[in-house]
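S.K.: Under our numbering, the letters of the sequence shown match residues 32 to 510, in that order. Backbone N, C-alpha and C fix where the C-beta goes; we use that ideal spot for every residue, glycine too. These numbers come from a predicted model, not from an experiment.
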Amino acid sequence: MKTMPMLPFPAPSRLLLAGAVLMALSGCASVGRYPVADPDVAAAYGRGNAALNAPVDAPRSSLDTPARDIREDVWWSGFGDERLDRLVARALAANSDLAAAGLAVQRSRLQAGLASNALWPQPSSSGVSGSGSRATDQADDWRRSYSTGVSLAWEVDLWGRLRTQRDIARWEAEATEEDRQNTALLVIGDAISQYWALAYLNQSISTGQANLERLERTRELVQARFDAGAVSRLEVRQALQNLQSQRAAQSALEQQRVEVRNALTVLLDGTPWPLQDEPQNLQQARSPAIAEGLPADLLARRPDLRAAELRLRNSLKTIKVTATQYYPALSLTGSLGSSATSLGDVLRNPVATLGAGLSLPFLNLQRAQLDTDVAGTDYQIAATGFRKTLYTALSEVDNALSAREQLARQVAASQASYDEAVEVERMQEVRYRVGATDLRTWLEAQQTRRDAELSLARVRQSQLTNDVTLFKALGGSAG
């Protein structure tokens with residue numbers, strides 16, 4: 032009758048290892064205990080007339096689309112303005128936020144390298160040391176000993192904890208790179224928006240100066256008629272009041288231009304943008320072409336979505352890391368020195384031989400479960416945040432597409448309104464000069480024309496700024 036061979040592990044060690052296996056099995060199943068809902072996106076998202084179409088075979092993950100460099104997608108060249116191109120290039124080269132984002136990428140990559148390095152044996156060395164002793168029965172018998180050694184410490188990644196931490200660090204580095212790409216996209220958008228703001232303000236200030244000269248001529252005409260006894264002093268004061276009102280409006284526009292110029296200087300890291308490169312009007316600006324029926328998978332290029340998905344994956348992996356932190360951690364150390372423990376000793380009694388080299392945190396089952404549940408809840412929170420980010424992205428695109436259509440109508444209507452206001456002002460001036468109407472009627476016609484002119488410029492600026500918003504929402508060029 033054969034007897035079963037004795038296992039190399041004593042009974043206490045076998046029990047501990049059996050407990051570890053049970054913990055591993057329960058830990059692997061724990062990830063499924065934190066369900067999250069998939070984003071629900073209609074085939075044609077949005078309420079606007081211009082829908083964002085989702086193809087049937089659209090990738091389920093934004094990470095299915097390769098990462099790219101935002102700076103190489105020169106969608107802003109569609110505006111056809113060389114000075115704008117130079118401004119964007121300067122902003123990408125000089126912006127301090129973008130420089131800080133680059134340093135964050137460098138730091139995260141270094142951390143990913145550290146996490147990957149933990150999978151390999153870690154060398155260490157000890158210096159030379161000596162000791163001496165003297166036997167009690169022989170006064171001259173001294174004993175001296177010296178030791179030095181080099182060792183390699185290696186944590187055995189039994190449960191995949193180190194590999195998972197490596198993946199988390201790598202994904203965080205990739206997410207940080209996407210953060211940098213998103214910062215670049217925001218810097219580009221801010222530079223272009225401020226460029227068009229300067230164009231609007233320069234045009235409005237130039238138009239305002241022409242209006243001041245026209246109002247000054249009107250005041251002189253009214254003063255001459257008053258001196259001739261043709262009108263009352265009331266009309267003189269009305270003409271002067273209108274002139275002062277325009278001067279106040281002009282001053283407000285000039286202050287706005289100062290603020291935009293300063294904001295642009297901050298964007299360029301303290302370097303003012305040359306005045307000769309400022310746009311003087313919006314009349315020659317053009318909107319880039321946008322294809323109809325944009326596919327929803329264009330959003331897979333958005334760096335904020337890609338970063339959010341990478342961090343969502345990290346949250347899921349963190350559940351596993353948290354669970355495996357309570358599995359026994361085994362560290363093996365090989366020394367090149369005067370003495371060593373044989374592998375047989377380790378196999379016969381791992382707990383007694385390895386001592387502190389074997390960590391047994393899985394004995395705290397309640398703490399392990401609570402920590403894992405916390406990580407699972409964090410994952411569910413991250414998943415909810417990702418869905419919101421996705422829906423926000425879809426909403427931003429739909430809003431910008433709808434605004435593009437509405438602003439085109441507003442520009443056409445504002446242009447027609449301005450043309451009519453110019454004609455009404457001309458007719459009221461003729462009537463006033465022949466005495467067929469009073470000064471107030473003519474002044475009101477002038478104000479109506481000025482308001483229509485500013486309104487047309489504002490709507491045109493809004494149209495160009497919305498183009499920037501659309502490209503930012505799409506994560507780059509529309510195609």
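So, is Gly466 buried or exposed, given that buried needs 16 or more other C-beta atoms within 10 angstroms?
M.R.: Exposed, since its Cβ has fewer than 16 Cβ neighbours within 10 Å.
S.K.: Taking Val465 as part of the alpha helix (DSSP H), name the residues at either end of that continuous run.
M.R.: First-last for Val465: undefined, no H or E at that position.
S.K.: Any idea which residues DSSP pairs Pro310 with across the strands?
M.R.: Answer by DSSP bridge pairing: none, since Pro310 is not bridged.
S.K.: Which whole-angstrom value is the C-beta distance of Leu123 and Arg102, which I expect to be below 8 Å?
M.R.: Indeed, because the Cβ distance is near 6 Å, the residues count as touching under 8 Å.
S.K.: Which same chain residues end up closer than 6 Å to Pro334 when comparing Cβ atoms and leaving out the 5 residues on each side of it in sequence?
M.R.: Correct list, in chain order: Glu209, Gln212 and Asn213.
S.K.: Taking 8 Å as the threshold (C-beta atoms), are Leu487 and Ser433 in contact?
M.R.: Cβ atoms of Ser433 and Leu487: not closer than 8 Å.
S.K.: Any idea if Pro305 is buried or exposed, counting beta-carbon neighbours within 10 angstroms, 16 or more meaning buried?
M.R.: Pro305 comes out exposed.
S.K.: Looking only at its chain, what residues have a beta carbon closer than 7 Å to the beta carbon of Ala206, apart from the 5 residues adjacent to it on each side?
M.R.: Result list for Ala206: Ala338, Leu341 and Arg342, in chain order.
S.K.: Tell me whether the beta-carbon of Gln142 lies closer than 8 Å to the beta-carbon of Ala200.
M.R.: Going by C-beta atoms, Gln142 is nearer than 8 Å to Ala200.
S.K.: State the Cα-Cα distance for the pair Asp128 and Arg117, rounded to the nearest angstrom.
M.R.: One C-alpha to the other measures close to 19 Å.
S.K.: Once you ignore the five residues that flank Asn312 on each side, which residues in its own chain have a CB closer than 7 Å to its CB?
M.R.: Correct list, in chain order: Ala230, Asn233 and Gln234.
S.K.: In angstroms with no decimal places, state the Cα-to-Cα distance between Phe257 and Arg457.
M.R.: If I take the Cα positions, the gap works out to 22 Å.
S.K.: With a 10 Å radius around its C-beta and 16 neighbouring C-beta atoms as the bar for buried, classify Arg480 as buried or exposed.
M.R.: So Arg480 counts as buried.
S.K.: Alpha carbon to alpha carbon, what distance is there between Gln281 and Gln240?
M.R.: Going from the Cα of Gln240 to the Cα of Gln281 covers about 8 Å.
S.K.: Sorted by chain position, which residues of the same chain lie with C-beta nearer than 6 Å to Leu274's C-beta, five sequence neighbours on each side aside?
M.R.: Excluding residues within five positions, the ones whose Cβ falls inside 6 Å are Leu246 and Arg250.
S.K.: Taking all protein chains shown into account, do 16 or more other C-beta atoms lie within 10 angstroms of the C-beta of Glu290, making it buried, or fewer, making it exposed?
M.R.: Per the 10 Å Cβ criterion, exposed.
S.K.: Determine, using beta-carbon pairs with one atom in the stretch 493-507 and one in the stretch 319-332, whether at least three such pairs fall under 8 Å.
M.R.: Enough Cβ pairs lie closer than 8 Å, so yes.
S.K.: Verify whether the separation of the beta carbon atoms of Ala413 and Ser346 is less than 8 Å.
M.R.: Yes, the Cβ-Cβ distance between Ala413 and Ser346 is below 8 Å.
S.K.: Within a Cβ cutoff of 6 Å, which residues of the same chain sit near Gly158, ignoring the five residues on either side of it in sequence?
M.R.: Residue placement at Gly158 is flagged as unreliable, the pLDDT there being 49, under the threshold of 50; the coordinate-derived value follows with that caveat. Here the set comprises nothing.
S.K.: For Pro303, does the three-state DSSP call read helix, strand or coil?
M.R.: In the structure shown, Pro303 sits in coil (DSSP, three-state: anything other than H, G, I, E or B).
S.K.: Contact check, Leu243 vs Arg278 under 8 Å by CB: the rounded distance?
M.R.: With a Cβ gap of about 7 Å, Leu243 and Arg278 count as contacting.
S.K.: Would you call Arg440 buried or exposed, if buried means 16 or more other Cβ atoms sit within 10 Å of its Cβ?
M.R.: Under this definition Arg440 is an exposed residue.
S.K.: In three-state DSSP terms, what is Pro334?
M.R.: In this structure, Pro334 counts as helix in the three-state DSSP scheme.
S.K.: Just to confirm, are Leu470 and Val262 a CB contact at a threshold of 8 Å?
M.R.: Taking 8 Å as the Cβ cut-off, Leu470 and Val262 qualify as a contacting pair.
S.K.: So Arg288 is in the alpha helix (DSSP H); what residue range does that whole segment cover?
M.R.: Residues Arg264 to Leu298.
S.K.: Ala228 and Gln492 look like a contact to me (Cβ under 8 Å); what is the Cβ gap, rounded to whole Å?
M.R.: 7 Å between Cβ atoms; contact.
S.K.: Quick one, are the C-beta atoms of Lys419 and Gly220 less than 8 Å apart?
M.R.: For Lys419 and Gly220, no; Cβs fall outside 8 Å.
S.K.: Leaving aside the five residues before and after Val105 along the sequence, list all residues of the same chain whose C-beta is less than 6 Å from its C-beta, in chain order.
M.R.: No residues qualify anywhere along the chain.
S.K.: Could you check if Gly507 is buried or exposed, using at least 16 other CB atoms within 10 Å of its CB as the buried criterion?
M.R.: The residue is buried, with at least 16 neighbouring Cβ atoms inside 10 Å.
S.K.: Can you check whether the CB of Ala476 is closer than 8 Å to the CB of Val455?
M.R.: Against a cut-off of 8 Å, the Cβ pair of Ala476 and Val455 comes out as a contact.
S.K.: What are the boundary residues of the alpha helix (DSSP H) that Arg117 is part of?
M.R.: Run containing Arg117: Glu113 to Ala125, per the alpha helix (DSSP H) assignment.
S.K.: With a CB to CB cut of under 8 Å and the five nearest residues on each side skipped, what residues in its chain are close to Thr296?
M.R.: For Thr296, where only same-chain residues beyond five positions count, the Cβ hits under 8 Å are Thr302, Pro303 and Trp304.
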